[in-house]
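Right, one structure below, let's go through it.
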Amino acid sequence: RRRGGADVRGDRASLPAPDGASAASAPTAADGAVAELPPEDGLPGEFEYRFPPPSEKEYDDEHQYLVPLRYFSDMSDPSRPTDVPYFFHVPRAGGSTVKEVVGKCLGLVQASDVGVRDGHGEDPVLQVRDIKESRYVNVDTTTVPGIQRAAALGLSSSGLADLVVSSYYHESAGLYDLDHQGRAFIIFRDPVQRATSMYWYRIEEVGDLDRSVSIEDYAQGNGIENNWMCRFIANRMTGELTKDDLEEAKEILRTKFLVGFVDDLDESLHRIMKYAGWKYKDDSTERMKQEDCVKDLAAHGTNANPTEYELPKRGSQAHALISWQTQFDSKLYSYAKELFEKQTKEWGTKERKKELKKRKKKGVARLDG
Numbered sequence: 001r002r003r004g005g006a007d008v009r010g011d012r013a014s015l016p017a018p019d020g021a022s023a024a025s026a027p028t029a030a031d032g033a034v035a036e037l038p039p040e041d042g043l044p045g046e047f048e049y050r051f052p053p054p055s056e057k058e059y060d061d062e063h064q065y066l067v068p069l070r071y072f073s074d075m076s077d078p079s080r081p082t083d084v085p086y087f088f089h090v091p092r093a094g095g096s097t098v099k100e101v102v103g104k105c106l107g108l109v110q111a112s113d114v115g116v117r118d119g120h121g122e123d124p125v126l127q128v129r130d131i132k133e134s135r136y137v138n139v140d141t142t143t144v145p146g147i148q149r150a151a152a153l154g155l156s157s158s159g160l161a162d163l164v165v166s167s168y169y170h171e172s173a174g175l176y177d178l179d180h181q182g183r184a185f186i187i188f189r190d191p192v193q194r195a196t197s198m199y200w201y202r203i204e205e206v207g208d209l210d211r212s213v214s215i216e217d218y219a220q221g222n223g224i225e226n227n228w229m230c231r232f233i234a235n236r237m238t239g240e241l242t243k244d245d246l247e248e249a250k251e252i253l254r255t256k257f258l259v260g261f262v263d264d265l266d267e268s269l270h271r272i273m274k275y276a277g278w279k280y281k282d283d284s285t286e287r288m289k290q291e292d293c294v295k296d297l298a299a300h301g302t303n304a305n306p307t308e309y310e311l312p313k314r315g316s317q318a319h320a321l322i323s324w325q326t327q328f329d330s331k332l333y334s335y336a337k338e339l340f341e342k343q344t345k346e347w348g349t350k351e352r353k354k355e356l357k358k359r360k361k362k363g364v365a366r367l368d369g
């Protein structure tokens, strides 16, 4: 099933790190994603394509925190048919919309929490289930025990899932191996907006937060998450976060993730599809339906807060308190914006690439002036 289905791996090979380069940044396979071999059987114009074989990554002492994540492919690695896309779901940051796009619009198979409904979390073998116009593998990748079960059943090597969805990034590393690597992406949302959305979601939808708890009380520690994104990416779940934790989170983000944004969702979805190797159907009518479906969800989303609410205004106590609780997330968010622009060259739409070129030309013109 995996994007073409054929095993196109070549013979094992690896290259040493170039002079002056750290092992963390060294290429892990021969340069280039595809190699052309001479025509076989004397037939002109016929080529056999092979991908450079995957090889175990090695890291220097400074980057040992990347070792447990080595089976998540690097952004610099070539895309392989055996890769399994991985969506690191940040709560209240467009995750439901992304899942709807994947299942409803593109018709792809997901591994999330839906496939274990009706007692299928105890199934002895993996299978794909049809549930509400979408398809799911009978695993639950939204819990640690569920991830462990999925790994034991060989989820990534089964080829059944087109996408794995989870908020447990480090634990999800156990789903992958050298020959079936995770290809990760993430959607960001402004941390203050996300925290405010979570506050109202817990009051209106979940019901685990009493209405008597004001947003100021919430932000003072009565239920608010403290720098959720930085903690879950750096795997620093307890204790005070440090600058080193932030720098590790930044490096993981830079090397391992395609980034997208809730407030730029149409562009982000285009990049995700390109990065994951997902394509619209060839039939023009079906393709148009899929494109319209994606555009509609990008514009209107799904699982939005049921009631409108106001964001805390800058200068207010609520805004100051939430900003303090999300100070590392805010720095990570700003860094993600930088990465998003850098990733435009390879993954952006034609329109966004043109905009980037124009901005760069204007910048050069200002410097020359």
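Numbering (full-length UniProt numbering), first residue to last: 1 to 369. Don't be surprised by glycine CBs; every beta carbon is placed ideally from N, CA and C.
Three-state class that DSSP yields for residue i in the structure shown
i    : result
Q327 : helix
Q220 : coil
A161 : coil
V213 : coil
G174 : helix
S134 : strand
A276 : helix
R254 : helix
R231 : helix
A111 : strand
V67  : helix
S316 : coil
S79  : coil
T285 : helix
Y309 : coil
For residue j and residue i, the rounded distance between their alpha carbons
i    : j    : result
K99  : V259 : 16 Å
P53  : H63  : 23 Å
D111 : M229 : According to the sequence displayed, residue 111 carries Ala and not Asp. Roughly 22 Å between the two C-alpha positions.
V67  : D177 : 12 Å
D113 : G119 : 12 Å
D283 : G363 : 43 Å
T255 : S212 : 43 Å
T196 : E56  : 42 Å
D31  : D83  : The pLDDT assigned to D31 is 39, lower than 50, so where the model puts this residue is not dependable; a value taken from the coordinates is nonetheless given after this. When rounded, the distance between both Cα atoms is 18 Å.
Counted within 10 angstroms of its Cβ, other Cβ atoms place residue i as buried (16 or more) or exposed
i    : result
T28  : Because T28 carries a pLDDT of 37, less than 50, the predicted location of this residue cannot be relied on, and no value is offered for it.
S316 : exposed
T242 : exposed
M273 : buried
T97  : buried
H89  : buried
Beta-carbon proximity list for residue i, same chain, < 7 Å, skipping 5 on both sides
i    : result
Q290 : C105, L106, Y280, K281
D329 : P191, N227, W228, M229, C230
Cβ of residue i within 7 Å of any chain B Cβ
i    : result
D329 : The chain labelled as chain B is not found in the depicted structure, where only one protein chain is given.
Residues bridged to residue i [DSSP beta-bridge criterion]
i    : result
F87  : V165, F185
F261 : F188
V128 : V137
F72  : G182
Cβ-based neighbour list, residue i, same chain, cut-off 8 Å, excluding 5 preceding and 5 following
i    : result
L246 : C230, A234, F328, K331, L332
Any non-hydrogen atom of the ligand MG closer than 6 Å to residue i Cβ
i    : result
D113 : Absent from the structure shown: the ligand MG. Ligands present: none.
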